DNA sequence: TGACTTATGGCACACTGTGACAGTTCGATG
DNA sequence: CATCGAACTGTCACAGTGTGCCATAAGTCA
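Protein chains in written order, with our numbering: chain A, 1 to 204; chain B, 1001 to 1204.
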């Protein structure tokens, strides 16, 4: 990995950290891109080369999680019941949190506080989830041998799985330690599985 | 109803219709608020007094549906299983479509075409759904006698119900007639109910 | 070192959204 | 029907986001 790439990664992290701190200090709306750029001593123009938008700053975790999920899903046998594959993808995201650096854990916790304080940011994440859902549904439909534009059931399976993840991420609020959050999220996943009829995801 | 209110309602509808047509003709992004305002001969400033944002134009159905759902929910007995109450709320939204004027049906179909053509608009709707979910979860938590910030299960119940609605709304694509759409949405709701374990929503 | 690629900064610009103020239209009341 | 107050509208100025373009600086490789 060359100097260039390392430097870019450093800048990226610096922008993220500065932004999270500013958001928590003085609010999301009242923090401008100009301020963030100023804090890391880059031009606003450059900011937009690292993050496509201000909103994108709070979506980095979602994007990261989606990538992990798609990877994990690809490794599951195609004849596994689809919901089981998705749940193991979600557990891969949780497992990844275990291996994160302390810096990333810190960012994750700040992000979570941000979501609690500014609920409308949850909406941004939900919007991204809708895209994720399309991608995952396309993959599930492929395994079911159906047309992703027609197969409501594939979409429903994915929607259930992502619901579990989203609920686990956002609720309960006021959870401070990483260990606790992971524990509660794992519980939510199990709770979700218990709600569903055994074998429900294997119908045509 | 006075002249003033009628005129306002007329302007509102005119903006909506002009916007939907422009979006379908020349694309969502490439249509500016100035163009929409020009088409109805109002100032751009006035546009923002009718719709808080450009995005808000494509959320009017969601807002309408949410209002109906909350009303319908309020009329359900508090000891009914929560998921059943929510599903009857969703069916109230479908029933409302039956009673809509031809103009509203036309708008609904245009909106749906718009969502198919520009998938990122689905994200806007999903973002709004996140807020709806919070409100509904608060109501369900109240009925369960729990703290809405802590009760993951209440959030999960709502998430499942809204998943059903969203899947029914967006999938299958390329459905042209209103009757067909309603039929498919009703099917999706039933499908969702069949996926869940009987009595699943009555645990503590 | 020199040539090549890539990142950065600065500039101009289009667009969304808001506050403030002035002018207009509508509704109610006598 | 005249008039006063309330609500609606347009104009202007402005902050903020996001993008295209071009010149310059920095990293990469021979």
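Glycine residues also receive a C-beta, built at the ideal position from the N, C-alpha and C atoms.
Keep in mind it's a predicted model, so treat the numbers as computed, not measured.
I'd like the span of the alpha helix (DSSP H) that includes residue i, first residue to last.
i                       : result
residue 1051 of chain B : Unbroken run through residue 1051 of chain B: none, as it is neither H nor E.
residue 136 of chain A  : 120–144
residue 1011 of chain B : 1003–1026
residue 1057 of chain B : It is not in any alpha helix (DSSP H) - residue 1057 of chain B carries neither H nor E in the DSSP assignment.
residue 107 of chain A  : 102–117
residue 1036 of chain B : 1033–1040
residue 152 of chain A  : 152–170
residue 1091 of chain B : 1082–1098
Suppose you measure from the CA of residue i to the CA of residue j; what does that come to, to the nearest Å?
i                       : j                       : result
residue 29 of chain A   : residue 202 of chain A  : 45 Å
residue 104 of chain A  : residue 1096 of chain B : 48 Å
residue 61 of chain A   : residue 1197 of chain B : 32 Å
residue 73 of chain A   : residue 1047 of chain B : 46 Å
residue 1157 of chain B : residue 25 of chain A   : 34 Å
residue 128 of chain A  : residue 11 of chain A   : 24 Å
residue 1064 of chain B : residue 1133 of chain B : 15 Å
residue 180 of chain A  : residue 159 of chain A  : 25 Å
residue 1188 of chain B : residue 1162 of chain B : 11 Å
residue 1183 of chain B : residue 100 of chain A  : 47 Å
residue 1121 of chain B : residue 1058 of chain B : 8 Å
residue 124 of chain A  : residue 1056 of chain B : 15 Å
residue 146 of chain A  : residue 1091 of chain B : 28 Å
residue 1137 of chain B : residue 41 of chain A   : 43 Å
residue 23 of chain A   : residue 31 of chain A   : 6 Å
residue 1008 of chain B : residue 1050 of chain B : 9 Å
residue 1150 of chain B : residue 39 of chain A   : 36 Å
residue 1190 of chain B : residue 174 of chain A  : 36 Å
residue 1033 of chain B : residue 1043 of chain B : 10 Å
residue 1003 of chain B : residue 1078 of chain B : 41 Å
residue 170 of chain A  : residue 114 of chain A  : 11 Å
residue 1083 of chain B : residue 1193 of chain B : 9 Å
residue 139 of chain A  : residue 1006 of chain B : 49 Å
residue 1086 of chain B : residue 93 of chain A   : 30 Å
residue 178 of chain A  : residue 119 of chain A  : 20 Å
residue 88 of chain A   : residue 1037 of chain B : 50 Å
residue 17 of chain A   : residue 110 of chain A  : 9 Å
residue 1053 of chain B : residue 1045 of chain B : 11 Å
residue 117 of chain A  : residue 1148 of chain B : 15 Å
residue 1066 of chain B : residue 1076 of chain B : 16 Å
Output, in chain order, the set of chain B residues within a Cβ distance shorter than 7 Å of residue i.
i                      : result
residue 126 of chain A : 1126, 1127, 1129 and 1130
residue 167 of chain A : 1152, 1155, 1156 and 1159
residue 122 of chain A : 1130
Residues of chain B with a CB under 8 Å from the CB of residue i: which are they?
i                      : result
residue 226 of chain A : An answer regarding residue 226 of chain A cannot be provided, because it is not within the stretch 1 to 204 covered by chain A.
residue 153 of chain A : 1191
residue 213 of chain A : Chain A is shown only over 1 to 204; residue 213 of chain A falls outside these bounds and no answer can be derived.
Along chain B, which residues have their Cβ under 9 Å away from the Cβ of residue i?
i                     : result
residue 33 of chain A : Those within 9 Å of residue 33 of chain A in chain B number zero; the least Cβ separation is about 19 Å.
Pop quiz: residue i and residue j are said to be a contact at Cβ under 8 Å. What is the actual Cβ separation, rounded to whole angstroms?
i                       : j                       : result
residue 1020 of chain B : residue 1144 of chain B : The pair is not a contact, with the Cβ atoms about 40 Å apart (cut-off 8 Å).
residue 1172 of chain B : residue 35 of chain A   : Actually they are not in contact, since the Cβ atoms of residue 1172 of chain B and residue 35 of chain A sit about 46 Å apart, beyond 8 Å.
residue 154 of chain A  : residue 141 of chain A  : 4 Å
residue 1130 of chain B : residue 126 of chain A  : 4 Å
residue 199 of chain A  : residue 185 of chain A  : Between residue 185 of chain A and residue 199 of chain A the Cβ distance is about 25 Å, and since that is not below 8 Å, they are no contact.
Identify the residues that DSSP records as bridge partners of residue i: which are they?
i                       : result
residue 1196 of chain B : A/196
Who are the neighbours of residue i on chain A, taking C-beta pairs under 8 Å?
i                       : result
residue 1149 of chain B : 171, 172, 173 and 174
residue 1188 of chain B : 152 and 156
In chain A, which residues lie less than 7 Å from residue i when you measure between Cβ atoms?
i                       : result
residue 1046 of chain B : By Cβ distance, chain A contributes nothing, its closest Cβ being about 24 Å from residue 1046 of chain B, past 7 Å.
residue 1060 of chain B : Residues of chain A passing the Cβ test: none, with the nearest at roughly 17 Å.
residue 1093 of chain B : Simply none; closest approach about 17 Å.
residue 1204 of chain B : In chain order: nothing, as chain A lies at least about 12 Å away.
Which chain A residues are close to residue i, counting only those with a beta carbon under 9 Å from its beta carbon?
i                       : result
residue 1199 of chain B : Within 9 Å Cβ-Cβ: nothing; residue 1199 of chain B doesn't reach chain A, min ~10 Å.
residue 1119 of chain B : 130, 131 and 134
Quick one: does the C-beta of residue i sit closer than 7 Å to a heavy atom of the ligand NAD?
i                       : result
residue 1129 of chain B : Inclusion of the ligand NAD in the displayed structure is not the case, the ligand content being empty and no account of it being possible.
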